[in-house]
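Working notes, structure below.
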Amino acid sequence: MSEILNEPAQEQYPQVKLNLAFNPQQFLHVIVPAKQGTKRQYHPLIVFVTEKVAVGQANLHFKPLMDLASHGFTIAIIPAEQLHGMAQEQVVQLKTAIRYLMLHAYQYDIDTNRCFLWGEKQGALLSALCILTANVQEWNAEDARVLPLRFKGGILFGLSESETLLAQIPQHKCAPLFIFNGEDDVQTDTVALENFAEAFKQQHHEIQITTLQKTVNGTDAFYTPYVLTILENIFTNYAKH
Numbered sequence: 002m003s004e005i006l007n008e009p010a011q012e013q014y015p016q017v018k019l020n021l022a023f024n025p026q027q028f029l030h031v032i033v034p035a036k037q038g039t040k041r042q043y044h045p046l047i048v049f050v051t052e053k054v055a056v057g058q059a060n061l062h063f064k065p066l067m068d069l070a071s072h073g074f075t076i077a078i079i080p081a082e083q084l085h086g087m088a089q090e091q092v093v094q095l096k097t098a099i100r101y102l103m104l105h106a107y108q109y110d111i112d113t114n115r116c117f118l119w120g121e122k123q124g125a126l127l128s129a130l131c132i133l134t135a136n137v138q139e140w141n142a143e144d145a146r147v148l149p150l151r152f153k154g155g156i157l158f159g160l161s162e163s164e165t166l167l168a169q170i171p172q173h174k175c176a177p178l179f180i181f182n183g184e185d186d187v188q189t190d191t192v193a194l195e196n197f198a199e200a201f202k203q204q205h206h207e208i209q210i211t212t213l214q215k216t217v218n219g220t221d222a223f224y225t226p227y228v229l230t231i232l233e234n235i236f237t238n239y240a241k242h
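Residue 242 is where the sequence shown ends in our numbering, and the numbering goes up by one at each step.
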């Protein structure tokens, strides 16, 4: 007995592009939403900077990121181990990676006017520094006047160190920051975080701190469907600004 199925032939799932070189010996991954119809669509870009993970855990966040990409976001994943040197050097390399994505916007269906940063733990610190120093030339390998960076917002998971951010708060307009920390994480300096948030607000910048109860930073509690819905709403709403 044979059976005939009439299933849609167009793309159904996001496409994953692995190990794209943005610098010699430095790589990132890109998740591109499935193409819908014949008209090409360009999506907000979310640059996700991971925390360094143990061997064999490199794909820890692929599932929630794939789910988010399916809602119309191009997501670039930059593993923390791909960024080398001190914090400022890593931020410079991160910006080079972002500019690589911008210069390949057509290839990865990116709307270059809608870019977000999202980092976890060490990646959160680098993401925050990247936003605060966006076009400060000393923090860029490329000419920031020729290839300026503009961000719509930053999601910071497990930002335990914030003292280094105080000196970098810009007086000019800055993208909003959304910080998510675990209630039980002993590494988070809550006093320093509150001081940074207050100083950030004094410059008329937007910042929001959310505490996840009964968890430390970096657990699956940060990637539940409910939290992902909160993030999706942030990305959708602030992409319009």
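Yeah, the Cβ is synthetic: ideal placement off N, Cα and C, and Gly gets one too. Just so it is clear, the structure is predicted and the values come from calculations on it, not from any experiment.
Go through its chain and collect everything with a Cβ distance to Lys202's Cβ below 8 Å, but skip five positions before and after it.
Residues Ile208 of the same chain have their beta carbon placed closer than 8 Å to that of Lys202, with the five preceding and five following residues left out of the count.
Straight-line Cα distance separating Gln172 from Ala198
In a straight line, the C-alpha of Ala198 is about 14 Å away from that of Gln172.
Can you list, in chain order, the residues of its chain whose CB lies under 7 Å from that of Leu95, leaving out five sequence neighbours each side?
Closer than 7 Å at the Cβ level, and outside the excluded window around Leu95, lie Val50, Ile79, Leu84, Leu127 and Cys131.
If you check the beta carbons only, do Ile180 and Leu167 fall under 8 Å apart?
Ile180 places its beta carbon 8 Å or farther from that of Leu167.
Beta strand (DSSP E) runs wholly inside the segment 124-166, at least 3 long, in chain order
Uninterrupted beta strand (DSSP E) stretches at least 3 residues long and entirely within the segment 124-166 occur at 154-158, given in chain order.
Under 8 Å between C-beta atoms of His44 and Ile111:
Result yes, Cβ atoms of His44 and Ile111 sit closer than 8 Å.
So is Val147 buried or exposed if we call it buried at 16+ other beta carbons inside 10 Å?
Under this definition Val147 is an exposed residue.
Report, in whole angstroms, the separation of the C-beta atoms of Ile99 and Met67, which I expect to be a contact under 8 Å.
Going by Cβ atoms, the distance from Ile99 to Met67 rounds to 21 Å, so no, they are not a contact pair.
Between the Cα of Ala193 and those of His205, Ser163 and Pro177, spot the shortest distance and give me the residue it belongs to.
Taking only the C-alpha atoms, the option nearest Ala193 is Ser163.
Ala22 by DSSP, collapsed to three states: which one?
If DSSP states are grouped into helix, strand and coil, Ala22 belongs with the strands.
Identify every residue that forms a DSSP beta bridge with Phe117.
Paired residues: Ile47 and Gly154.
Is it right to say His206 is buried, meaning 16 or more other beta carbons lie within 10 angstroms of its own, or is it exposed?
The residue is buried, with at least 16 neighbouring Cβ atoms inside 10 Å.
C-beta contact flag for Tyr109 and Phe23 at 8 Å:
For Tyr109 and Phe23, no; Cβs fall outside 8 Å.
Could you have a look at Thr216 and say whether DSSP puts it in helix, strand or coil?
In the three-state scheme derived from DSSP, where H, G and I count as helix and E and B as strand, Thr216 is classed as coil.
Cα-Cα separation between Lys18 and Gln123, rounded to whole angstroms
Rounded to whole angstroms, Lys18 to Gln123 spans 24 Å at the Cα level.
Val93 and Asn141 look like a contact to me (Cβ under 8 Å); what is the Cβ gap, rounded to whole Å?
Yes, they are in contact, since the Cβ atoms of Val93 and Asn141 sit about 6 Å apart, within 8 Å.
Report the partner residues of Val31 according to the DSSP bridge assignment.
The partner list for Val31 (beta bridge, DSSP) reads Lys18 and Ala77.
Compute the distance between the beta-carbons of Leu46 and Phe117, then report whether it is under 8 Å.
For the pair Leu46 and Phe117, the CB atoms are nearer than the 8 Å cut-off.
Cα-Cα separation, Tyr239 to Gln169
In this structure, the straight-line span from the alpha carbon of Tyr239 to that of Gln169 is close to 23 Å.
Cβ-based neighbour list, Ala106, same chain, cut-off 6 Å, excluding 5 preceding and 5 following:
Sequence-distant Cβ neighbours of Ala106 in its own chain, meaning closer than 6 Å and more than five residues away, are Thr113.
Rounding to the nearest angstrom, what Cα-Cα distance links Tyr14 and Pro65 in this structure?
The alpha-carbon atoms of Tyr14 and Pro65 are separated by roughly 13 Å.
Short CB-CB distance (under 8 Å) between Glu90 and chain D
Absent from the structure: chain D. Only one protein chain is present.
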